[in-house]
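Accompanying notes for the structure given below.
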Amino acid sequence: MPLPTSDPLANVTTHCHRILLTGAAGNLGKVLRDRLKRYADIVRLSDVAALGMAREQEEIEPCNLADARAVDELVAGVDVIVHLGGVSVERPFEEILPANIQGTYHLYEAARRHGVRRVVFASSNHVIGFHRQGEILDASAPLRPDGYYGLSKAYGEHLARFYFDRYGIETVCLRIGSSYPEPRDRRMLITWLGYDDLEQLVCRAMFVPGVGHTIVYGASANRDRWWDNCQAAHLGFAPQQSSEPFRAQVESAPALSADDPAAIYQGGAFVKAGPFGD
Ligand code: NAI
Ligand code: 15L
Numbered sequence: 001m002p003l004p005t006s007d008p009l010a011n012v013t014t015h016c017h018r019i020l021l022t023g024a025a026g027n028l029g030k031v032l033r034d035r036l037k038r039y040a041d042i043v044r045l046s047d048v049a050a051l052g053m054a055r056e057q058e059e060i061e062p063c064n065l066a067d068a069r070a071v072d073e074l075v076a077g078v079d080v081i082v083h084l085g086g087v088s089v090e091r092p093f094e095e096i097l098p099a100n101i102q103g104t105y106h107l108y109e110a111a112r113r114h115g116v117r118r119v120v121f122a123s124s125n126h127v128i129g130f131h132r133q134g135e136i137l138d139a140s141a142p143l144r145p146d147g148y149y150g151l152s153k154a155y156g157e158h159l160a161r162f163y164f165d166r167y168g169i170e171t172v173c174l175r176i177g178s179s180y181p182e183p184r185d186r187r188m189l190i191t192w193l194g195y196d197d198l199e200q201l202v203c204r205a206m207f208v209p210g211v212g213h214t215i216v217y218g219a220s221a222n223r224d225r226w227w228d229n230c231q232a233a234h235l236g237f238a239p240q241q242s243s244e245p246f247r248a249q250v251e252s253a254p255a256l257s258a259d260d261p262a263a264i265y266q267g268g269a270f271v272k273a274g275p276f277g278d
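Taking the UniProt record's numbering, the leading residue of the sequence shown gets 1, the next gets one more, and so forth.
In structure tokens:
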């Protein structure tokens with residue numbers, strides 16, 4: 001897919017002094033760890049899990065997002081935050097609360113205190129997971145979270161909206177589909193976001209001017225789509241990858257039964273996780 005003729009990044013510097021990457025020890029954190037160095041003098045890497053030794057252009061700052069003071073120190077001196085940290089799957093509310101809900105609040109409060117002007121927030125397709133597969137959704141679609149995890153991401157999107165309206169901190173909320181080296185099942189043929197497209201999306205989310213509070217779906221240029229990014233056209237996100245080369249391999253596995261909720265709703269298997277602790 002060609003880039004838009006008037007690329008919003010055409011005359012914009014895509015470089016800053018320091019990027020903070022939370023969740024840097026996770027799957028996507030590992031993918032972005034090196035790639036973000038293209039866009040900053042220094043990438044500050046943070047996670048509650050081990051990150052190894054700092055390499056060139058890196059600072060390592062371990063931090064639990066649930067610890068407000070530690071998060072405040074983490075954010076000092078940062079130009080832009082790429083916030084991937086937190087629980088990334090459906091889990092009991094008691095696990096989601098400190099990492100995703102309190103943690104994201106701590107991050108925005110620190111951003112406000114330290115004058116950070118831009119956050120890239122890893123939201124998720126699970127904020128709309130209870131819409132039916134095949135329904136085409138844009139950024140104004142009603143939220144239909146498919147669990148506590150999706151609810152926490154919905155909270156993060158609303159928190160970002162509030163911090164823009166109240167304090168002018170801009171956020172691009174990435175409603176990421178399924179970002180893996182390859183799509184793993186039929187649903188991911190539609191929701192897959194390749195890593196080069198992830199990098200393009202994060203770069204645009206960091207540097208396109210005047211994003212305010214933007215919601216964008218993160219999927220590659222796959223044959224079939226459920227998501228329409230018309231309301232994020234100002235980002236100029238033009239995915240270049242496609243799940244099509246993986247179709248034959250994915251479709252060689254048996255399909256889910258048509259009445260399986262994982263085959264009915266956009267959130268896939270997340271819609272049938274839990275209840276926990278009964
Ligand atoms: P991941 O689970 O591999 O990484 C998340 C990282 O956050 C982990 O390294 C974990 O240690 C860290 N973390 C958890 N609780 C923390 C806390 N209290 N304080 C500090 N760090 C904490 O997840 P992945 O796949 O790398 O995803 C990154 C982000 O993107 C997550 O926010 C996830 O919800 C979101 N996302 C990912 C998708 C994907 O396909 N990989 C799809 C949609 C959203
Ligand atoms: C997510 O939000 C999860 O973080 C990830 O583990 C995937 O399951 C993805 O969504 C998905 O929906 O495939």
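Yeah, the Cβ is synthetic: ideal placement off N, Cα and C, and Gly gets one too.
On the three-state DSSP scale, how would you describe D278? Residue numbering aside, residue 278 sits at position 278 when the sequence shown is read from its first letter. Three-state result, D278: coil.
So, with DSSP's three-state summary, where would you put C63? Indexing the sequence shown from 1 puts residue 63 at position 63. C63 falls in the coil class under three-state DSSP.
Cα-Cα, which of L256, L235 and V271 is closest to L9? Along the sequence shown, one-based indexing puts residue 9 at 9. When each option's Cα is compared against that of L9, the closest is L235.
Closer than 9 angstroms to chain C by CB, P245: Of the protein chains in the structure, only one exists, and it is not chain C.
Any chance the CB of D47 is under 8 angstroms from a heavy atom of ligand 1? Stepping through the sequence shown from its first residue, residue 47 is reached at position 47. Checking every heavy atom of ligand 1 against the Cβ of D47, one is found closer than 8 angstroms.
If contact is defined by three or more beta carbon pairs under 8 angstroms, each pair taking one atom from either stretch, is the stretch 104-119 in contact with the stretch 252-269? no
Through-space distance from P98 to Y39, alpha-carbon basis: The residue labelled residue 39 in the question sits at position 39 within the sequence shown. The residue labelled residue 98 in the question sits at position 98 within the sequence shown. Their Cα atoms are separated by approximately 30 angstroms.
Let's see if you can read the secondary structure: which residues bound the alpha helix (DSSP H) around A70? Counting from 1 along the sequence shown, the entry for residue 70 is found at position 70. Looking at the DSSP string, the run of the alpha helix (DSSP H) that includes A70 is A68 to V75.
Sub-9 angstroms separation of G29 and L20 beta-carbons: Reading the sequence shown from its first residue, position 29 is the one you call residue 29. Reading the sequence shown from its first residue, position 20 is the one you call residue 20. No. Outside cutoff.
Could you tell me whether the stretch 209-227 touches the stretch 237-244, where touching means 3 or more Cβ pairs closer than 8 angstroms? yes
Neighbourhood of A49 by C-beta distance below 8 angstroms, restricted to the same chain and skipping five residues each side: If you number the sequence shown from 1, residue 49 lands on position 49. A25 and G26.
In angstroms, rounded to a whole number, what distance separates the CA positions of F164 and E170? On the sequence shown, residue 164 is found 164 positions in, with the first residue counted as 1. On the sequence shown, residue 170 is found 170 positions in, with the first residue counted as 1. Their Cα atoms are separated by approximately 5 angstroms.
Does ligand 2 have even one heavy atom less than 8 angstroms from the beta-carbon of T191? Residue numbering aside, residue 191 sits at position 191 when the sequence shown is read from its first letter. Checking every heavy atom of ligand 2 against the Cβ of T191, one is found closer than 8 angstroms.
Can you name the start and end residues of the alpha helix (DSSP H) that T104 belongs to? Here residue 104 corresponds to residue number 104 of the sequence shown, with the count starting at 1. Counting along the chain, the alpha helix (DSSP H) containing T104 begins and ends at G103 to H114.
Closer than 8 angstroms: L151 CB and nearest ligand 1 heavy atom: Within the sequence shown, residue 151 is the residue found at index 151, counting from 1. No, the Cβ of L151 stays beyond 8 angstroms of every heavy atom of ligand 1.
Please report the distance separating the alpha-carbon of M1 from that of D196. Taking the first residue of the sequence shown as position 1, residue 1 is located at position 1. Taking the first residue of the sequence shown as position 1, residue 196 is located at position 196. Any reading at M1 is ruled out, since the residue's pLDDT is 49, under 50, leaving its predicted position unreliable.
Would you identify the three-state DSSP class for H17, choosing helix, strand or coil? For the purposes of this step, residue 17 is identified with residue 17 of the sequence shown, where counting begins at 1. Here H17 sits in strand by DSSP.
What residue does the beta strand (DSSP E) around Y217 start on, and which one ends it? Mapped onto the sequence shown, residue 217 falls at position 217. Counting along the chain, the beta strand (DSSP E) containing Y217 begins and ends at H213 to G218.
Ligand 1 and L84: does the residue's C-beta get closer than 8 angstroms to at least one heavy atom of that ligand? Locating residue 84 in the sequence shown gives position 84, where the first residue counts as 1. Checking every heavy atom of ligand 1 against the Cβ of L84, one is found closer than 8 angstroms.
Pairing CB atoms from the stretch 142-160 with CB atoms from the stretch 92-106, are three or more of them under 8 angstroms? yes
Check whether the stretch 226-235 and the stretch 82-89 touch, using three or more Cβ-Cβ pairs below 8 angstroms as the test. no
With a threshold of 16 other CB atoms inside 10 Å of the CB of F162, please say whether the residue is buried or exposed. Taking the sequence shown and counting its residues from 1, the one referred to as residue 162 is at position 162. Exposed, because fewer than 16 other Cβ atoms sit within 10 Å of the Cβ of F162.
Is any heavy atom in ligand 1 found nearer than 8 angstroms to the beta carbon of P98? Within the sequence shown, numbered from 1, the residue matching residue 98 stands at position 98. Indeed, a heavy atom of ligand 1 lies less than 8 angstroms from the Cβ.
Spell out the partners DSSP gives T171 in its beta bridges. Within the sequence shown, numbered from 1, the residue matching residue 171 stands at position 171. DSSP, once it has assigned bridges, lists V119 and H213 as partnering T171.
Based on Cα-Cα distance, which residue from K37, L74 and L65 lies nearest to E56? Taking the first residue of the sequence shown as 1, we reach residue 56 at position 56. The residue with the shortest Cα to Cα distance from E56 is K37.
Delimiting residues of the beta strand (DSSP E) encompassing L201: The count along the sequence shown starts at 1 and reaches residue 201 at position 201. Where L201 is concerned, there is no enclosing beta strand (DSSP E), although the alpha helix (DSSP H) it sits in stretches over Y195 to F207.
DSSP beta-bridge partners of L137: The residue labelled residue 137 in the question sits at position 137 within the sequence shown. DSSP lists W227 as partners of L137.
Would I190 and D224 qualify as a contact pair, given that the criterion is a beta-carbon distance under 9 angstroms? Taking the sequence shown and counting its residues from 1, the one referred to as residue 190 is at position 190. Taking the sequence shown and counting its residues from 1, the one referred to as residue 224 is at position 224. For I190 and D224, yes; Cβs fall inside 9 angstroms.
Following a CB-centred definition, is I215 positioned closer than 8 angstroms to any heavy atom of ligand 2? For the purposes of this step, residue 215 is identified with residue 215 of the sequence shown, where counting begins at 1. Every heavy atom of ligand 2 is 8 angstroms or more from the Cβ of I215, so no.
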